[in-house]
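Asks:
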Amino acid sequence: MPKAYWIVHVSVHDPEHYPEYLAVAIPVFEKFGANFIVRGGAYEVMEGTERERNFVIEFKDRATATACYQSPEYQRAVAIRNKYSDADLIIIDGPA
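In terms of our numbering, the sequence shown opens at residue -16 and continues consecutively.
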């Protein structure tokens, strides 16, 4: 099975409280074996809408990537994140 990835773009509108999301999300990422391939860094928008935080997170397969996102623990993190930011997130398979 190919690896799968979350591609995430985030705009934080309350940076003071955003760490509340991280405190809940990081243990979930650890539980599901997430590996951050891209975490921030310099970027250049060539097309589309800019969000200032960009991530690529690797999982062993799509089932694991989906299970992480749908887990009750991560959904609690999403509820917190949504109070302090706007995000776009997709799950995509890597090359076979």
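We put the beta carbon where it would ideally sit given N, CA and C, even for glycine.
#1: Do Ala79 and Val11 count as a contact pair if the criterion is CB distance below 8 Å?
#2: Given a threshold of 16 other Cβ atoms within 10 Å of its Cβ, counted over all protein chains shown, does Tyr81 qualify as buried or as exposed?
#3: Measure the Cβ-Cβ separation of Ala(-13) and Asp71 and say whether it is below 8 Å.
#4: Just to confirm, is the Cβ distance from Ala17 to Cys51 under 8 Å?
#5: Buried or exposed for Ala48, going by 16 or more other Cβ atoms inside 10 Å?
Replies: To lay it out plainly:
#1: No, the pair does not count as a contact, with Cβ atoms beyond the cut-off.
#2: Residue 81 lies beyond the range of the chain shown here (-16 to 79); nothing can be said about it.
#3: Not a contact, by the Cβ cut-off of 8 Å.
#4: With contacts defined as CB atoms closer than 8 Å, Ala17 and Cys51 qualify as a contacting pair.
#5: buried
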